[in-house]
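So the structure is just underneath, and the comments pick up after that.
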Amino acid sequence: MRFDPPLEEGRLLQRYKRFLADIETPAGERLTVHCPNTGAMLNCMVPGGRIWFSRSSDPKRKLPGTWELSETPQGRLACVNTARANPLVEEALRRGGIAELAGFTGLRREVAYGQERSRIDFRLEYPDGPAYVEVKSITLGFADTGVAAFPDAVTQRGARHLRELATLARQGTRAVQLYCVNLTGVERVRPAVEIDPLYAAALRDAVAAGVEVLAYGVELTPFAIELTRRLAVDVD
């Protein structure tokens, strides 16, 4: 997935009111842009740090751009725009880039399901039945350990999705939790038990019920992002 038009570089001044960020370009232009991330953005939100943003061509848009990437204190790149995760995964699915999910004959997005009135990111159709795939974007990394974790803030919604997947798995339907690791330099993924122990417990319960857990890393530059390789997952 190429960033088109190309991203522009800036530095972060501040994030506030959750969805707003003030930035400054190398030319000294100060802008308020949209922050498309509801999480805590730990290690992705360094005042004075390098960021990249997309500029909108829509004159009617209230904010002129969207914050897309951050450079972490360790020099890694992180895609902070969580809306990129599903299109990135769909692109990989359609080109056969996720081997564990290859061979589907149909793909549907945002399908309603479950007792808690959830919507699954992807329902994939196979000759022997469907697979339900929930996508979560990860940007939280730990220094130079090569480990990333989810979530970066308490997420009741994320735990609910795991419960729904577990129910499907117990009924004999294929259910998959897929972590899209939008952070470079990562080799392993784990639940952030120190941030949200209930989510970590829900993940363990889901795995015990038969939910498959996959994590895929990315190649990421200010020009393009692509889902590339499977990463190890430590559930405990």
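Residue 215 in full-length UniProt numbering sits at position 215 of the sequence shown; the count goes up by one each step and never skips. Note that the Cβ used here is the ideal one computed from N, Cα and C, for glycine as well. Keep in mind the model is a prediction, meaning the values are calculated, not measured.
Option in the options with minimal Cα separation from residue i
i	options	result
V80	L183, R170, K60	L183
residue 267	V133, F150, G28, R30	Here the chain comprises residues numbered 1 to 236, so residue 267 is not present and cannot be evaluated.
L88	D236, R229, V235	R229
R108	R94, A99, Q115	R94
A149	G185, G97, G10	G185
Inter-residue spacing [alpha-carbon to alpha-carbon] between residue i and residue j
i	j	result
L198	P26	43 Å
R84	Q171	31 Å
T173	A112	15 Å
G210	D22	44 Å
P151	E8	28 Å
D236	E226	28 Å
R188	P59	42 Å
A232	G146	11 Å
D4	S137	21 Å
E110	A166	18 Å
G217	S57	30 Å
Sheet register partners of residue i (DSSP bridge)
i	result
L31	I23
V189	A148, V233
Q177	E134, V213
Start and end residues, beta strand (DSSP E) containing residue i
i	result
Q156	Element bounds for Q156: not the beta strand (DSSP E) but the alpha helix (DSSP H), 156–170.
L12	8–16
G103	Neither: G103 is in no beta strand (DSSP E) and is coded neither H nor E.
G65	65–71
S118	118–126
Extent of the continuous alpha helix (DSSP H) run through residue i
i	result
V89	85–94
contact_flag[the region 11–20, the region 30–45] where n(CB pairs < 8 Å) is 3 or more: yes
contact_flag[the region 200–208, the region 54–69] where n(CB pairs < 8 Å) is 3 or more: no
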